[in-house]
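For the sequence shown, the tail end lands on 305 under the working numbering, and the numbers increase by one without skipping. Note that CB positions come from ideal geometry on N, CA and C, so glycine has one too. Since this is a predicted model, take the numbers as computed values, not measurements. Report on the following structure.
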Amino acid sequence: MKILQCVPNFSEGRDPGFLHELELVLKEFPVKVLDLSMDADHNRADCTFLGDPETVEACALALTSRAVELIDMRKHTGSHPRMGAVDVVPFVPIRDMTMDEAAAIARRFGKAFAERHGIPVFFYEEAAVSEARRNLVDVRRGGYEGMAEKLQDPDWIVDAGPQAFNERSGVTAVGARMPLIAFNVNLQTDDLEVAKKIANAVRHIGGGLRYVKAMGLSLEDRGIVQVSMNLVNYQQTPIPRAVELVKAEAARYGVPVIECELVGMVPIEALEEVVSYYLQIPGFNAKQVIEYHLLPD
């Protein structure tokens, strides 16, 4: 049976009623909801669900359509980069699907979403139609506030929808990718510059780890800062490698690590490396865990 996952990110993280509205939509579809959460500092909500490809695609369109009705980007502020009410919609092949199949679904969904709501859409990662748009950082550069000007650039003709900026809903990126791990490291300091310097040292664009995207954020309600990371290929850059580099860089500034945060879901394969590294068990395999054998095929 083919299994497809969808992980839409929404620019709303402070109204609990928003999650309730998403739950109502999700209940209308026979999908498995793995995660539904929000973060007030980021002012962002994430949802992870999976199922057969046709159902997931239909659910994604209904879910994002409801979010468009509820979110007004003209009122949005938050620490996480964003460019639209429905900021990103990635599709992830989980079982018996190729990346090409997931990319085709992403493009079809993106066109339907753009036409329904009059929202400019760019395709990214494996759904990208050009290398210049493969990296989400490049697509999102300028943020919501800079998108009106960006859409006037002939290098940024939209992949779907109108070329005109949608002031209420912004711009949406739709893509296909392998499982991404959203992983944060919280530091015992309120110095945002320290977090930014560490993030720059860790992320690939700053000369750090090849498959890590990172940024420094302030968690004002806690009086601390955070190195927020996306591990886009956990097989090539495992979690322990990223964490240890953050720790090493933080030590340069005399700043201790308080804790780590896992945002959303993680493949069990990624945790094998965590156990193997920190417990010093070379070759640890998830099949050594009893509960692994209780999972359905």
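Using three-state DSSP, classify T63 as helix, strand or coil.
helix
By the three-class DSSP mapping on this structure, what secondary structure does Y132 have?
strand
Should A140 be labelled buried (16 or more other beta-carbon atoms within 10 Å of its own) or exposed?
exposed
Report yes if the CB atom of F131 is closer than 9 angstroms to the CB atom of A181, and no otherwise.
yes
Quick check: the stretch 143-155 against the stretch 189-200, are there 3 or more CB pairs under 8 angstroms?
no
With the cut-off set at 9 angstroms, would you say V202 and V263 are in Cβ contact?
yes
Determine the direct distance from the alpha carbon of N293 to that of V283, and round the result to whole angstroms.
9 angstroms
Please report the straight-line C-alpha distance between F37 and F18, rounded to a whole angstrom.
19 angstroms
Spatial neighbours of T63 in its chain, beta-carbon cut-off 7 angstroms, leaving aside the 5 residues before and after:
F37, P38, V39
Of the residues A136, D104, N192, which one's Cα is nearest the Cα of I11?
D104
Three or more C-beta pairs closer than 8 angstroms, one from the stretch 221-228 and one from the stretch 237-245: is that the case here?
yes
How is I266 classed by DSSP in three states: helix, strand or coil?
strand
Where does A93 land, buried or exposed, given buried means 16+ other C-beta within 10 angstroms?
buried
Could you pull out every unbroken beta strand (DSSP E) segment of at least 3 residues lying fully inside the stretch 112-191, listed in chain order?
129-133, 180-184
Counting only runs that start and end within the stretch 189-236, where is the beta strand (DSSP E) found for 3 or more residues in a row?
189-195, 220-227
Could you check how far apart the C-beta atoms of F173 and A190 are, in whole angstroms? I think they sit under 8 angstroms.
No, F173 and A190 are not in contact; Cβ-Cβ is about 28 angstroms, not under 8 angstroms.
CB-CB under 7 angstroms to G126, same chain, minus the five flanking residues each way: which ones, in chain order?
G169, P170, N174
With 16 other CB atoms within 10 Å as the buried threshold, where does I266 fall?
exposed
Go ahead and label T106 buried or exposed: buried means 16 or more other beta carbons lie within 10 angstroms of its beta carbon, across all protein chains shown.
exposed
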